[in-house]
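These notes concern the structure reproduced below.
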Amino acid sequence: MTTFRPLHDRVVVRRLTSAEKTVGGIIIPDTAQDKPTEGEVVSAGPGARNEQGQIVALDVKAGDKVLFGKWSGTEVKIDGEDLLIMKESDIMGVIG
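UniProt numbering numbers the first residue of the sequence shown as 1 and each following residue consecutively.
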């Protein structure tokens, strides 16, 4: 098991899978599906430093469900799992 700890104001996000079938029951192939823009925070860095050098904690934490931009983050594979690493500013908000 690889341990990965994001630095500064970066977060690791696991995409939540989108529905593979429409309401009418039509199965959508993987190639036609949009990448989901909803995910779960796996881990978060300690925060960024402000102008006075103090660390400002992040608003998100592990376990939060978040919305992010369609092209946000960098895709990485850690322990065989596809994850995204992005800055907290790429996250639009926390769900629920």
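Glycine included, every Cβ here is placed at the ideal spot set by N, Cα and C.
Bear in mind the structure is a predicted one, so any value in this text is a computation, not a measurement.
Rounded to the nearest angstrom, the gap between the Cα atoms of residue 17 and residue 89 is 22 Å.
Looking only at 46, 9, 63 and 4, the smallest Cα-Cα distance to residue 38 is reached by 63. Looking at the DSSP output, residue 87 shares a beta bridge with 10. In this structure, residue 13 sits near residue 41, with a CB-CB distance shorter than 7 Å.
By the beta-carbon neighbour count (other beta carbons within 10 angstroms, threshold 16), residue 9 is buried.
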